[in-house]
Amino acid sequence: PQRVHAHYAYHIIRDATAILRRLPNLNQASTAVGKQITICGDLHGKLQDLLVILHKNGLPCAENPYVFNGDFVDRGKRSMEVLLLLCALLIVFPGAVFLNRGNHEDRAINVRRLISPVIGESAVRWHIRLMEM
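All the letters of the sequence shown, read from the start, carry residue numbers -13 to 119 under my numbering.
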């Protein structure tokens, strides 16, 4: 499988962070345009689940907004990919993608789960640096 270079991952996270910082704490998603909204919760790093949802429901747009209710990362093997894809969707479709933070998007929760013999020290440092953005 191909990997996203760290340079591009950094820019995706940076640009999405800038968008999120400009948004109010409470956002309003509407069904006025397309009469529907897709609400997703608890992806927990399961990239395949996210891809199936996007395939079945189509890409986000004004007529097809998405609300992602937190817990994007954690148990699944593809947490970074899920986070990068959600951030990329936010950048490309800023008025049609809404990201709500869950408890797994909290630094303390993730650092606790990262420190294990399975994950190398450099991976922990990389993950912590991205979370600090």
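Using N, Cα and C, we set each Cβ at its ideal position, and we do this for glycine too. Keep in mind that this is a model prediction, so the values were computed, not measured.
(message) Can you list, in chain order, the residues of its chain with a C-beta nearer than 7 Å to that of L69? Leave out the 5 residues immediately preceding and following it.
(response) F58 and V59
(message) At the level of alpha carbons, what is the spacing between H90 and V78?
(response) Residue placement at H90 is poorly supported in this model, since its pLDDT is 49, which falls under 50; the coordinates still yield a value, given next. Whole-angstrom Cα-Cα distance: 24 Å.
(request) Please work out which residues of its chain come closer than 6 Å, Cβ to Cβ, to G62, disregarding the five sequence neighbours upstream and downstream, and give them in chain order. (result) H30, G31 and K32
(message) On the DSSP bridge list, what partners appear for L85?
(response) In the DSSP output, where bridge partners are listed per residue, L85 has F54.
(request) Assign A82 to one of two classes, buried (16 or more other C-beta atoms within 10 Å of its C-beta) or exposed (fewer than that). (result) buried
(request) Quick one: give me the first and last residue of the beta strand (DSSP E) that C26 is part of. (result) Per DSSP, the continuous beta strand (DSSP E) segment holding C26 begins and ends at T24 to G27.
(request) Locate the alpha helix (DSSP H) running through R170, then write down its first and last residues. (result) It is not possible to answer for residue 170, since the shown part of the chain is limited to -13 through 119.
(message) One question on the structure: do P46 and T24 come within less than 9 Å of each other, judged by their Cβ atoms?
(response) yes
(message) For S16, count the other beta carbons within 10 Å of its own beta carbon; 16 or more makes it buried, fewer makes it exposed. Which is it?
(response) exposed
(message) Between L76, R64, T3 and L75, which has its C-alpha nearest R(-11)'s C-alpha?
(response) R64
(message) What does the alpha-carbon distance come out to for the pair H41 and D35?
(response) Using only the alpha carbons, I get a separation of about 10 Å.
(request) Return the first residue and the last residue of the alpha helix (DSSP H) that K42 is part of. (result) Secondary structure note for K42: its alpha helix (DSSP H) is the uninterrupted segment L33 to N43.
(request) Measure how close the beta-carbons of V53 and N86 come, nearest whole angstrom, since I'm counting them as under 8 Å. (result) Correct: roughly 7 Å between the Cβ atoms.
(request) Find out if the Cβ-Cβ distance for the pair L76, A2 is shorter than 9 Å. (result) The answer is yes: Cβ separation under 9 Å.
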